[in-house]
Amino acid sequence: MHDFEALNQTFETSYPQDVLRWAAESFGNKLTVVTSFQPTGIVTLHMLKSIAPDTPILTLDTGLLFPETYALIDALEIQLNLNLIRVRPEQTVAQQATTYGENLWERDPDSCCNLRKTRPLGPALNNYSAWITGLRRDQSDGRKATPIVSWDNRNNMVKLSPLATWTEDMVWAYLQAYELPYNVLHDRNYFSIGCWPCTQPVAPGEDKRAGRWSGSAKTECGIHFSTTASS
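Everything in the sequence shown is counted per our numbering, starting at 43 for the first residue and increasing by one.
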């Protein structure tokens, strides 16, 4: 078993590449990345290409992503020569509507996220011993305590957030330095981008994740944390 306390003390002042290198050496082909191709995820993928280029990359294709998101995924798959695995829900959007009614995301967004994200991800992670995320501490109040490395009880595996200590400015500086593409929706005041029915632009002064599930208490899709602010 890994000494997570010691590892976190070491990694707190390490470069993300050091964390990725340790992960690749420790887990080999049992390591994966889960990304929705947000800026932090793109930085992670670019860094990993020079360390472990064949690492499997999992992305959740809910069937409800923005066209701009699909275009970005396709472009980066080619540009970075990604070993990309698209994880899809058991039901199509139309099949889900038949089973649960139209626009489930409006009536019960937690159930929709569970069906289209959380539930499909579990089996996809079964082949691995560790997964890399794009969580950062500055993304929201609920993420301020994000460890760089921890044990994921739900999925029974190690969870890594190599860029947990980075700021948004650092991420964007990296993207610009390496001329990496990003989701063009960011230029239209979309900051945290998920499925199109539940993502809106953010007004000046609002929290960067305020555009997700706007008007509800929901703050997370459930992959990383509880799906509501109160639970």
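The beta carbon of each residue, even a glycine, is placed where N, CA and C say it ideally should be.
- THR97 is positioned such that its CB atom lies closer than 8 Å to that of LEU90.
- In this structure, VAL135 and LEU106 form a Cβ contact; the two beta carbons are roughly 6 Å apart against a cut-off of 8 Å.
- Taking the Cα positions, PRO162 is about 33 Å away from GLN218.
- If you check the CB distance, ASP180 and GLU210 come in under 8 Å.
- Between the alpha carbons of PHE108 and ARG178 lies a gap of roughly 23 Å.
- By the CB criterion at 8 Å, SER192 and PHE46 fall inside the cutoff.
- Between VAL75 and ILE190, the C-beta gap is not smaller than 8 Å, which leaves the two residues out of contact.
- The segment 53-70 and the segment 195-212 touch, with no fewer than 3 CB-CB distances between them shorter than 8 Å.
- Secondary structure at PRO81: helix, using DSSP grouped into helix, strand and coil.
- If you ignore the 5 residues before and after LEU222, its C-beta comes within less than 7 Å of the C-beta of ILE84, HIS88, all in its own chain and listed in chain order.
- Per DSSP, reduced to three states, the secondary structure at THR241 is strand.
- Secondary structure note for ASP116: its alpha helix (DSSP H) is the uninterrupted segment 109-121.
- The bridge partners DSSP lists for VAL200 are ALA172, TRP193.
- By the CB criterion at 8 Å, PHE79 and ASN169 fall outside the cutoff.
- Contact annotation: GLY176 and THR77 have beta-carbon atoms nearer than 8 Å.
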